[in-house]
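Oh and the sequence shown: position 34 is 1430 in our numbering, straight run, nothing missing.
Written out below as structure tokens is the structure these notes cover.
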Amino acid sequence: MYNKKFNIINNNYLFIIWGLTMHLIFLWGTLDINFHSPIIQELPNVSILKNPPAKRLVLFIADGLRFRTFIETPPKFLKHVMTNKGAWGISHTRVPTESRPGIVAICAGLYEDPSAIFKGWKENPVDFDSIFNQSYLSWAWGSPDIISIFTKGIKGNIYGDSYPSEWQNFDIIHGKIWRLDSWVFDKYIEWLREDAYKIKNAERIILFLHLLGCDTTGHAVKPYSKEYIANMNYVDRKIKEVVQLTENFFGDNSTAYIFTSDHGMTDWGSHGSGSTDETETPFIVWGAGINTFNFRQNIEQIDITPLISTLIGAPIPINNEGVLPWQYLNVTDLKYINYALLNNLKQLTYQVKANHKMNCEDNEYADWREIELDNKIITLDKDLETADLNERLKEIINSIKLAKKSLLYFRQYQRTRFLLYLSIMWLGWIISLFFKITGVNRPVIHSFILLITNIVFLISIITIFIMYKDCNNWRLSYYTFLAIVSLWLVIRNAIIYTIKLKICNNKYYWTLIAEIIFLLVIMFIGLTYRSVLSIGMLSIILTQKIVLKNTKNLFFWTALSLAVFPLLPVVEPYPRIYIVILSMCIVTIIIILKIQSKYRKAIEIFRLTITGLIYLEFIDGRNWISWTILLTTPLYICIYPIQSKERMQGIMLGFFLSIYFIIYIL
């Protein structure tokens, strides 16, 4: 009797440990799948282009300059360039509209690396290639937060200089609104006078001026203010001066110029979201090798990278996903444009092959996409000297479209595959938990079937390790192994246990099941379309009215209030702290009236008070306080009694604080 009881206790502890392990693995797997870096290192470089139109390129990035303000009050010099000297349009950015990912998109051709979440969205945790790495020599001046991104781990061909970081927090009222930008322009002019002679005849030179003034001014006094426009006009005047000095010094008409912005800004001076004002930025290009047209030609932000590389003849960065906007180039040199686009095609194809290889399938047989891309590249390489350049141009462009689709396909294929394995693992855990709660031991256990199941499991594990022994992508074997273990446990439980479930005779039984399925679908769709969550909340009200005739009006009104919440705008000029504080006051009243234990009541009120002080900024919550409360919440829930009412109170209060802290930390 003692041994049987001991075995039950021992099995329960093992089951708890296994359940905790599964939850941790699932949490880690969700982050890994959705926030894994798409960057693949050590890809081949495409060749250097011969006889490029420009020896050097000057890149101006006016941080935080939105297109609407720029086009409504266009500065004089840049307006003259747009009309008479070069080409222009809107550069479309993507969320998050922040400085670091925006400038990485411009200079490396890739959008936000989702693995940056593990660095608090402050830096790219995975090293990436950029136009500066591929240049012969590059100089960069600007914010220490931006310049350091490209000078970290430099190969000796990138020189960067920044002003002190405390300058970025200056008081705008004291007449220093141009301090940051003037420092950058002065540094460039100083370089031009003292060091530029060393590379006067050199090729593949990039000069990068990061101008933070508009961003800082927009945050302080909003992007429609006279100070913001004055800062923009100051930048315009200094760019005119820089262009004149550069042309006078080099005097060879071999300098190309690009003016753009990393992101825009809302009317209330914020950025990071996906509104039009945040995602539309000005783009102007002029100088050597540039076509001239006085109409708007829009561009994707990542397409700027291959344009810069093409203008100076440098190899396109290996992780670039942009497509060369050849319309901006001087069409008189159609052969050079063909070579540049072919380089773009090759560079994208290298990424397609690398992503396909990461799937660790039978790589002896190439995917039809790879075969078609390889055949097109071979044909284009052979015929480029003799064929009709216009026809070849169309064929290369179509091939680039195929390469882009193929790259997206292989990335999505791998992600879907991982999500499938993770879903199998999680479904297996749910079924195992169901057997644990409702199952009883079968009177007769088929030992032979159990033995066969164990043997098949072992063979499957050995097969997996043999299949993936040469695979560099360890994540694939890891997820496959977990999925097989989950399936094995489910089959074992089905052999050992039989379900003993008592179902209440309720005429609304199928209504409740349909409601649960419907709510799961609503939650899934609500991840993309936030307003759909309101429909889910209204359906809960309707179901409760059908199932429970005598419902309290309090539930109806609170549920109706929650249904309105997803319809509110995500971003507003000012944070709605009053909603947070009001909700905390309501929860405090609930704690005082409903929780009987003085110990739990005191702890909950203390936790709510700390949360309120953090949101009111009396306490800095971005340190250990927020993480302590967030990570101890699951443990704290366990101190509540196991009775459903009390335990649900603990879960509700735990989720209430956890959600606030997750939002605050992120």
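All residues carry an ideal CB built from backbone N, CA and C; glycine is no exception.
Please read all numbers here as calculations on a predicted model, not as lab measurements.
Inter-residue CB distance, residue i and residue j (contact presumed, cutoff 8 Å)
i, j, result
"residue 1703", "residue 1724", "6 Å"
"residue 1737", "residue 1720", "6 Å"
"residue 1533", "residue 1577", "Rounded, the Cβ-Cβ distance is 24 Å, inconsistent with contact."
"residue 1448", "residue 1709", "3 Å"
"residue 1895", "residue 1834", "5 Å"
"residue 1432", "residue 1510", "7 Å"
"residue 1987", "residue 2001", "6 Å"
"residue 2025", "residue 2003", "6 Å"
"residue 1841", "residue 1892", "6 Å"
"residue 1824", "residue 1882", "3 Å"
"residue 1491", "residue 1669", "7 Å"
CA nearest to the CA of residue i, picked from the options
i, options, result
"residue 1647", "1451, 1854, 1892", "1451"
"residue 1943", "1425, 1960, 1906", "1906"
"residue 1507", "1553, 1701, 1889", "1701"
"residue 1587", "1597, 1642, 1428, 1628", "1642"
"residue 1419", "1856, 1829, 1844", "1829"
"residue 2011", "1977, 2042, 2001, 1996", "1977"
"residue 1951", "1933, 1481, 1961, 1962", "1933"
"residue 1639", "2041, 1652, 2042", "1652"
"residue 1679", "1546, 1467, 1521, 1750", "1467"
"residue 1979", "2049, 1925, 1579", "2049"
"residue 1810", "1422, 1415, 1428", "1428"
"residue 1827", "1526, 1625, 1885, 1867", "1885"
"residue 1585", "1635, 1753, 1623, 1921", "1635"
"residue 1994", "1963, 2036, 1956, 1852", "2036"
"residue 1681", "1668, 1699, 1671, 1789", "1699"
"residue 1645", "1722, 1591, 1671", "1591"
"residue 1787", "1801, 1813, 1733, 1598", "1733"
"residue 2030", "2039, 2021, 2043", "2043"
"residue 1875", "1857, 1728, 1793", "1857"
"residue 1525", "1513, 1535, 1504", "1504"
"residue 1583", "1513, 1514, 1495, 1555", "1555"
"residue 1763", "1920, 1623, 1784, 1799", "1799"
"residue 1691", "1415, 1477, 1913, 1958", "1477"
Range of the contiguous alpha helix (DSSP H) that encloses residue i
i, result
"residue 1880", "1870 to 1892"
"residue 2005", "1994 to 2011"
"residue 1534", "Here residue 1534 belongs to no alpha helix (DSSP H); instead the beta strand (DSSP E) covers 1533 to 1538."
"residue 1952", "1949 to 1960"
"residue 1454", "Counting along the chain, residue 1454 falls outside any alpha helix (DSSP H), though it belongs to the beta strand (DSSP E) covering 1452 to 1458."
"residue 1621", "Looking at the DSSP string, residue 1621 is not in any alpha helix (DSSP H), and its letter there is neither H nor E."
"residue 1863", "1843 to 1863"
"residue 1363", "Residue 1363 is absent from the structure shown; the chain starts at 1397 and stops at 2062."
"residue 1736", "1730 to 1753"
"residue 1727", "Looking at the DSSP string, residue 1727 is not in any alpha helix (DSSP H), and its letter there is neither H nor E."
Boundaries (first-last residue) of the beta strand (DSSP E) holding residue i
i, result
"residue 1837", "1835 to 1837"
"residue 1653", "1651 to 1656"
"residue 1609", "Premise fails: residue 1609 lies in the alpha helix (DSSP H), 1609 to 1617, not in any beta strand (DSSP E)."
"residue 1487", "1482 to 1488"
"residue 1467", "Note, residue 1467: premise wrong, no beta strand (DSSP E); alpha helix (DSSP H) at 1463 to 1468."
"residue 1554", "1554 to 1558"
Counted within 10 angstroms of its Cβ, other Cβ atoms place residue i as buried (16 or more) or exposed
i, result
"residue 2046", "buried"
"residue 1923", "exposed"
"residue 1570", "Bear in mind that the predicted position of residue 1570 carries a pLDDT of just 48, short of 50, making it unreliable; the figure below should be weighed with that in mind. Counting Cβ neighbours within 10 Å, residue 1570 comes out exposed, since fewer than 16 surround it."
"residue 1816", "exposed"
"residue 1739", "buried"
"residue 1397", "Caution applies to residue 1397, whose pLDDT of 44 falls short of 50 and renders its modelled position unreliable; the value that the coordinates give is listed next. Its Cβ having fewer than 16 others within 10 Å, residue 1397 is exposed."
"residue 1498", "buried"
"residue 1854", "exposed"
"residue 1445", "buried"
"residue 1537", "buried"
"residue 1808", "exposed"
"residue 1674", "buried"
"residue 1408", "exposed"
"residue 1552", "exposed"
"residue 1676", "buried"
"residue 1473", "buried"
"residue 1756", "buried"
"residue 1628", "buried"
"residue 1843", "exposed"
"residue 1619", "buried"
"residue 1411", "exposed"
Taking only runs of the beta strand (DSSP E) that begin and end inside the segment 1773 to 1839, which ones reach a length of at least 3 residues, in chain order? Restricted to the segment 1773 to 1839, the beta strand (DSSP E) segments that are unbroken, complete and at least 3 residues in length are 1835 to 1837, listed in chain order.
Runs of alpha helix (DSSP H) wholly within the segment 1625 to 1687 (minimum 4 residues, chain order): Within the segment 1625 to 1687, the complete alpha helix (DSSP H) runs of at least 4 residues are 1672 to 1675.
I'd like the ranges of any alpha helix (DSSP H) spanning at least 4 consecutive residues and lying wholly in the segment 1562 to 1605. Runs of the alpha helix (DSSP H) inside the segment 1562 to 1605: 1575 to 1590.
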